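S.K.: Chains as they are written, first to last, in my numbering: chain A, 30 to 268; chain B, 30 to 268. Mind having a look at this structure? Questions to follow.
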DNA sequence: TCTGAAATGTAAAATAAATGTCATTATTAG
DNA sequence: CTAATAATGACATTTATTTTACATTTCAGA
């Protein structure tokens, strides 16, 4: 299975949403005011579990996360989120004692951290920096269509910013189709180009892989829009 | 199993010619049969000198070349040909010992190679791939007439900018007619070129396809302007 | 210019072929 | 060895092609 990493969520120049995960009421309030006064939308959650739910529902562009939480540790939230949305910036909020080791944070996948007590200005600066970093990072080498981006170098596919797991064969077939957008590709061509010369599997194999690609990427796999079949010949990808 | 004899060969509409340069009689025969069974025309030569002559005379679209030849080494043939026709694909056939170094082959200008003993399927695949690489038509290249555009790579027909759905056979017949504009095409010719050798349907089949083409593309299908009948012979496309 | 045989047009029915899909089996990587 | 991936086979479904049957047109020769 191909591993994760990420691609920039296109910056919504209108309004960024920040998910704050913090159990201390006083800090909650302070953070909410801080970010809102700077034009961010803020969603506050008190524990890890509800944070993950809120996260899925509201699709924030960054997360400010207290490492100390009830019900589910900040670490788990961090890991969970990063797995699915590798590029989404996470800024950790922690007491000095929590993080003696920066390495731990990197392992968690956090982008930056601020130790309590923190200066509002500093936190704001770091969130902004993290947002900037991800929006700017590597635009190249990725084909995009619909809500999907296919990063050839990383062998990564994202749908609505979420990582879609693909096997190597699936990815290569996808890649070839995408790189030859609009052109009708015969099964023979797919077989020689994607599968290589040595092993020639049966024609059904190609269909099965197309099936998988459709299931993973088409909104309605039964009525494929992007991965079209060209009856009597093969397939064709259209943006 | 992918037995291409069952499938219509979308890539080989206009017969490709392969020049095989090989001194071993047994291999000669095998190769000739292999390629002919897949719809290629084959010219076989046993040595480098006559190969070059045959090459000039018959203008093949690819060369399958044994590196070990009498009178003139395959290397020289390769170099010579590549000098004059840099884009013409050359697939080298060699005993394993001949090729300890792939670099040498690249220097020779070969496009690909297969080591003996080789699998017919593999050789075929490599030849096809090489042909495709050099032939690959640009997406967007289209023949136009009246308000109609025929895009070969996309296998797409537009009439007044609107997509006209066509089946593979219809499209291939259309393509052949358009590519042979002004010329009278007999039913037999259509059958061999579009339908292929294997299956010879009879009488009304061709007519029915022309009918469909007319219905889809002629302004007044009953009075065809572009897809004319040549009574007693066949059809003719005029722009 | 008639007339009938041959050729072609045409739509619909019959047949064939290609594709989607899933369950199963093989293969491969870890 | 196990889990993940890939390939195969079987089957239902969809789509395309061929055939059939008959209508219409063409054209040569009277």
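Don't be surprised by glycine CBs; every beta carbon is placed ideally from N, CA and C. Being a predicted model, the structure only gives us computed values, none of them experimental.
1. Please look up how many angstroms separate the CB atoms of residue 245 of chain B and residue 214 of chain B, rounded, as I've assumed it's under 8 Å.
2. Which residues in the same chain as residue 250 of chain B place their Cβ atom closer than 7 Å to its Cβ, once the five residues preceding and following it in sequence are excluded?
3. Less than 8 Å between the beta carbons of residue 137 of chain B and residue 104 of chain B, yes or no?
4. Identify each residue in the stretch 163-186 of chain B for which the Cβ-Cβ distance to at least one residue of chain A is less than 7 Å, and report them in chain order.
5. Checking contacts by CB at 8 Å: is residue 212 of chain A closer than that to chain B?
6. Looking at residue 74 of chain B: is its Cβ nearer than 8 Å to the Cβ of residue 110 of chain B?
7. In whole angstroms, what is the alpha-carbon distance linking residue 193 of chain B and residue 178 of chain B?
8. With 16 other CB atoms within 10 Å as the buried threshold, where does residue 87 of chain A fall?
9. If you draw a straight line from the C-alpha of residue 239 of chain B to the C-alpha of residue 205 of chain B, how long is it?
10. Give every residue of the same chain whose Cβ lies closer than 6 Å to the Cβ of residue 219 of chain A, excluding the five residues on either side of it in the sequence, and list them in chain order.
11. Which residue or residues does DSSP assign as beta-bridge partners of residue 111 of chain B?
12. Taking 8 Å as the limit between beta carbons, can you name the residues of its chain near residue 259 of chain B, skipping five residues before and five after?
13. For chain B, find out if any of its Cβ atoms is closer than 8 Å to the Cβ of residue 218 of chain A; answer yes or no.
14. How far does the alpha helix (DSSP H) with residue 185 of chain A in it extend, from its first residue to its last?
15. Examine chain A for any beta-carbon lying closer than 8 Å to the beta-carbon of residue 191 of chain B, and answer yes or no.
16. Whole angstroms is fine: what's the gap from residue 165 of chain A's alpha carbon to residue 52 of chain A's?
17. Helix, strand or coil, according to DSSP, for residue 144 of chain B in the structure here?
18. Report yes if the CB atom of residue 159 of chain B is closer than 8 Å to the CB atom of residue 91 of chain B, and no otherwise.
19. Quick one: is residue 58 of chain A buried, meaning 16 or more other Cβ sit within 10 Å of its Cβ, or exposed?
M.R.: If we stick to the structure as given:
1. That belief does not hold up - the Cβ atoms of residue 245 of chain B and residue 214 of chain B are roughly 18 Å apart, past 8 Å.
2. A distance below 7 Å between beta-carbons, with the five flanking residues on each side excluded, links residue 250 of chain B to the following residues of its chain, in chain order: 243 and 244.
3. Yes. Within cutoff.
4. Residues passing the 7 Å Cβ filter: 168, 182, 183 and 184.
5. Judged by the 8 Å Cβ criterion, residue 212 of chain A is in contact with chain B.
6. Using a Cβ distance threshold of 8 Å, residue 74 of chain B and residue 110 of chain B do not count as a contacting pair.
7. Whole-angstrom Cα-Cα distance: 10 Å.
8. Looking at its Cβ environment, which holds fewer than 16 other Cβ atoms inside 10 Å, residue 87 of chain A is exposed.
9. The alpha-carbon atoms of residue 239 of chain B and residue 205 of chain B are separated by roughly 12 Å.
10. Within its own chain, the residues whose Cβ lies closer than 6 Å to the Cβ of residue 219 of chain A, once the five positions on either side in sequence are excluded, are 235, listed in chain order.
11. For residue 111 of chain B, which the question treats as bridged, DSSP gives no partner whatsoever.
12. 213 and 265.
13. Under the Cβ distance rule, residue 218 of chain A counts among the residues neighbouring chain B, one pair being separated by less than 8 Å.
14. Following the DSSP letters along the chain, one finds residue 185 of chain A in no alpha helix (DSSP H) but inside the beta strand (DSSP E) bounded by residues 185-188.
15. No, no contact with chain A.
16. With a pLDDT of only 47 at residue 165 of chain A, under 50, the local geometry of the prediction cannot be trusted, and no value is derived from it.
17. Strand, per DSSP.
18. In this structure, residue 159 of chain B places its C-beta atom within 8 Å of the C-beta atom of residue 91 of chain B.
19. Counting the other CB atoms within 10 Å of its CB gives residue 58 of chain A a total below 16, which places it among the exposed residues.
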